[in-house]
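Read through the structure below, which is laid out as structure tokens, and then see the notes.
There are 2 protein chains.
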Amino acid sequence: MANKFIQKLQGFARLTDKAVLALEAATSRPVDFEPRQDLIREGDRPGPVLVVLEGWAFRYKALPNGSRQIMAFLMPGDACDLNIGMLEEMDHSIQTVTPAKVVKIAGETMAELMDTHRSIAKAMYVAQLVDEGTLRAWIVSLGRGSSAERAAHLLLELYVRGVHTGMSRDDEVELPLSQVVLADALGMTPVHINRVLQDLRQSGAIELQRKLLRIRDPAALTRISGFDDNYLHRKLRKPASKH
Amino acid sequence: MANKFIQKLQGFARLTDKAVLALEAATSRPVDFEPRQDLIREGDRPGPVLVVLEGWAFRYKALPNGSRQIMAFLMPGDACDLNIGMLEEMDHSIQTVTPAKVVKIAGETMAELMDTHRSIAKAMYVAQLVDEGTLRAWIVSLGRGSSAERAAHLLLELYVRGVHTGMSRDDEVELPLSQVVLADALGMTPVHINRVLQDLRQSGAIELQRKLLRIRDPAALTRISGFDDNYLHRKLRKPASKH
DNA sequence: CGGCTCCTTGACTTTCCTCAACATCAGTGG
DNA sequence: CCACTGATGTTGAGGAAAGTCAAGGAGCCG
């Protein structure tokens, strides 16, 4: 079975059989990481492209005062920036949440893959644009949402992404994030996210326990969050069949 | 004289003379836009790459409740996303602030430029990474900053970017943004940004009047904002000489 | 059991928003 | 030249949202 990375790329462009084989070869040797381990740190000289095959991680920036802001979650299949090797040093860090399997694809290997298989190049470009759209949606949520809106938006984003990558079944998705992590992502305090989550539970919109999120009332949650999945560019998946 | 776009790219990679000529040809026919005019709207089918040669614009997303969140400012020399043409539809809009001169470079033209002149490709990739870093810094600022921190951070970002593109002289930079626009960028109300700016003025960190920003005490402003220009990746400019 | 980490609750404080009024300025047209 | 208009900036008073501090509870694991 193709891994989550390949599955994700297939959602963005129709990959040839040869392309799939090449990708499988390039991702056949994942490395295991513990939870709470930095994959790469701010200030490091970036090297290969990192691809998370299993487990969760997040991009974050540690602040002088000891707090941190999480800017994105990496779920299985997600990769870090394509051209990251061109930068002198990382401007943020990436840390695992759960035990994870991660593959490092050398810059030259990646370039060769994209050169040889244009369908891979296209899929990678689209993936990059989607990541950027997600960043922008995050900004909108942080900037203009109430705490309940922000929380609902994040939960929905993670749920929808989970659906796309086949990690959810029905209305459930595994969500291995502590409230501290959620707070760091949403720009609020752990105490406050706790209260917000309780409100969402009591309103009947969600169930959340034991690392398992269940969307009980998608309409309500969408209404609360103002969520608009436009930025995830799912529509791209249909035109892929036109090629 | 090369336009701001070319100047900016030259900061990211050493462009050959031929590359510069090709870029000049591609950007020789700018179109004029009025202030407050949308260059492209959410939902539009994206086409050519947009490049702002003169004037200011911003990316924003309009929200159902009538407010909007600004996610990035485009200064002279800035371009919108490189691969934007691959998306089905825009997930945000771009609007001018001032009168502006904008060039549209067709996707094929851009692809050809990057194919023929690898230095252009490199510079465009780096520009894209810097934009993404800027987005992430924006998230950090929105998520973790007090209102004063956020405001100080944005002013510093714009000032530093102004310096890089030769739009500032000494400690001054033209800042044609109303307090309403600043509020929409910083996720706060116009009333509040007004008070924050007054505090910054009274503390002696800045002067701001008549669309002219003067940084009086850079150290103080940096301290207040927690600003770290890492994400702008200025260091790239030096290694460019190694190529 | 003890020692973790994570979650929950309550009381109090601070920050920021809301609403509302007024001031200032530039541009427009009489 | 002045009155009018619209956009922008400023100020004040009161209220809602979120943070802080502090303590205790629940689950997990050696």
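These protein sequence lines are chains S and E, in that order.
The working numbering numbers the first residue of the first sequence as 1284 and each following residue consecutively.
The working numbering numbers the first residue of the second sequence as 1284 and each following residue consecutively.
We treat Cβ as the ideally placed atom computed from N, Cα and C, and that holds for glycine.
Could you compute how far the alpha carbon of residue i sits from the alpha carbon of residue j?
i, j, result
"S/R1401", "S/L1306", "13 Å"
"E/T1472", "S/V1385", "43 Å"
"S/R1520", "S/A1410", "Note on S/R1520: pLDDT 40, under 50, position unreliable in the model; the coordinate value appears next. Whole-angstrom Cα-Cα distance: 12 Å."
"E/A1488", "E/K1494", "16 Å"
"E/E1317", "E/L1336", "14 Å"
"E/A1466", "E/S1350", "11 Å"
"S/A1389", "S/C1363", "12 Å"
"S/T1395", "S/R1444", "At residue 1395 of chain S the sequence reads Glu, which differs from the Thr that was named. Going by the C-alpha atoms only, they are around 29 Å apart."
"E/Y1442", "S/Q1492", "46 Å"
"E/V1464", "E/L1357", "13 Å"
"E/S1461", "S/G1449", "46 Å"
"S/V1334", "S/G1509", "31 Å"
"S/L1563", "S/A1383", "The displayed coordinates of chain S run from 1284 to 1526. Any statement about residue 1563 of chain S would go beyond what the structure contains."
"S/E1391", "E/D1398", "17 Å"
"E/L1298", "E/T1379", "29 Å"
"S/L1483", "S/R1452", "21 Å"
"E/G1360", "E/K1301", "19 Å"
"E/H1346", "S/L1437", "It should be pointed out that residue 1346 of chain E corresponds to Leu in this sequence rather than to His. Rounded to the nearest angstrom, the two C-alpha atoms are 17 Å apart."
"E/S1585", "E/A1308", "There is simply no residue 1585 of chain E to check, as chain E begins at 1284 and stops at 1526 in what is shown."
"S/P1522", "E/I1422", "Residue placement at S/P1522 is poorly supported in this model, since its pLDDT is 38, which falls under 50; the coordinates are not used for a value here."
"S/N1348", "E/A1420", "16 Å"
"S/L1496", "E/L1412", "33 Å"
"S/N1366", "S/G1338", "23 Å"
"E/A1468", "S/K1287", "36 Å"
"E/G1294", "E/H1447", "9 Å"
"E/W1474", "E/E1457", "Checking the sequence shown, residue 1474 of chain E turns out to be Val, not Trp. C-alpha separation (whole angstroms): 22 Å."
"S/T1310", "S/Y1408", "18 Å"
"S/R1427", "S/R1312", "42 Å"
"S/D1511", "S/D1414", "15 Å"
"S/K1291", "S/K1387", "17 Å"
"E/Q1485", "E/A1502", "15 Å"
Applying a beta-carbon distance threshold of less than 7 Å, which residues of chain S neighbour residue i?
i, result
"E/R1427", "L1346, S1350, Q1352 and G1470"
"E/A1409", "Going by the sequence as given, residue 1409 of chain E is Val instead of Ala. In chain order: M1369."
Which same chain residues end up closer than 7 Å to residue i when comparing Cβ atoms and leaving out the 5 residues on each side of it in sequence?
i, result
"E/V1303", "A1285 and I1289"
"S/T1505", "L1439"
"E/I1257", "Lying outside 1284 to 1526, the shown extent of chain E, residue 1257 of chain E is not represented and no answer is given."
"S/I1507", "A1431, E1432, A1435 and A1488"
"E/D1500", "G1487 and A1488"
"S/V1479", "S1430, A1431 and A1434"
Since residue i meets chain E, which of its residues come closer than 8 Å, beta carbon to beta carbon?
i, result
"S/L1439", "Within 8 Å Cβ-Cβ: nothing; S/L1439 doesn't reach chain E, min ~15 Å."
"S/W1261", "The question about residue 1261 of chain S has no answer here: the residues shown for chain S are numbered 1284 through 1526."
"S/I1498", "Going along chain E, no residue has its Cβ under 8 Å from S/I1498, so there is no contact; the nearest lies around 21 Å."
Near residue i, which residues of its chain fall below 6 Å by C-beta distance, leaving aside the five closest residues on each side in sequence?
i, result
"S/V1314", "V1385"
"S/L1425", "G1470"
"S/Q1352", "K1344"
"S/K1405", "A1296"
"S/R1324", "S1376"
"S/I1476", "Q1462, L1465 and A1466"
"E/R1342", "M1354, A1355, H1375 and I1377"
"S/M1393", "V1332"
"E/I1403", "A1302, L1396 and M1397"
"S/Q1320", "T1379"
Which chain S residues sit within Cβ distance under 8 Å of residue i?
i, result
"E/G1445", "What E/G1445 touches in chain S: nothing, since even the nearest Cβ is about 20 Å away."
"E/V1463", "The contacting residues do not exist; E/V1463 stays about 14 Å from chain S at best."
"E/D1364", "L1412 and E1415"
"E/I1423", "The question names Ile, but residue 1423 of chain E in the sequence shown is Val. By Cβ distance, chain S contributes K1344, L1346, Q1352 and M1354."
"E/H1436", "Going along chain S, no residue has its Cβ under 8 Å from E/H1436, so there is no contact; the nearest lies around 12 Å."
"E/K1405", "M1369"
Leaving out the 5 sequence neighbours to the left and right, which residues in its chain are closer than 8 Å to residue i when beta-carbon positions are compared?
i, result
"E/T1417", "A1355, E1440, Y1514 and L1515"
"E/T1381", "P1318, G1338, W1339 and P1459"
Under 7 Å between beta-carbons, which chain E residues line up against residue i? List them in chain order, please.
i, result
"S/N1513", "D1374"
For residue i, return the contacting residues in chain S, with the cut-off set at a CB-CB distance below 9 Å.
i, result
"E/G1226", "Since the first residue of chain E shown is 1284 and the last is 1526, residue 1226 of chain E is not available in this structure."
"E/H1475", "Under the 9 Å cutoff, chain S gives no residues; its nearest Cβ is about 13 Å from E/H1475."
"E/R1256", "The structure shown does not extend to residue 1256 of chain E, since chain E spans only 1284 to 1526, so no value can be given for it."
Could you work out which residues of chain E lie near residue i, taking near to mean beta carbons separated by less than 9 Å?
i, result
"S/G1509", "L1346, P1347 and N1348"
"S/K1291", "The premise fails here: S/K1291 is roughly 16 Å from chain E at the closest Cβ pair, so nothing lies under 9 Å."
Notebook entry, point to check: Whole beta strand (DSSP E) runs in the stretch 1451 to 1498 of chain S with 3 or more residues, listed along the chain?
Noted result: Correct list: 1455 to 1457, 1489 to 1492 and 1495 to 1498.
Note to self: Please give the ranges of any beta strand (DSSP E) in the stretch 1318 to 1383 of chain E, keeping only runs that are unbroken, at least 3 residues long and fully inside the region.
What the structure shows: Restricting attention to beta strand (DSSP E) runs no shorter than 3 residues, the stretch 1318 to 1383 of chain E encloses them at 1321 to 1323, 1332 to 1337, 1340 to 1345, 1351 to 1357 and 1376 to 1379, ordered along the chain.
Check: Any contact of the stretch 1363 to 1378 of chain S with the stretch 1322 to 1330 of chain S, i.e. 3+ C-beta pairs under 8 Å?
Finding: Yes, the stretch 1363 to 1378 of chain S touches the stretch 1322 to 1330 of chain S.
Checklist line | 3 or more residues per run - each beta strand (DSSP E) lying fully within the stretch 1377 to 1427 of chain S | finding: As far as the stretch 1377 to 1427 of chain S is concerned, its whole beta strand (DSSP E) runs of at least 3 residues are 1383 to 1388.
Note to self: Quick check on the DSSP output: what are the complete alpha helix (DSSP H) runs of length 4 or more inside the stretch 1289 to 1321 of chain S, in order along the chain?
What the structure shows: Qualifying alpha helix (DSSP H) stretches, in chain order: 1300 to 1309.
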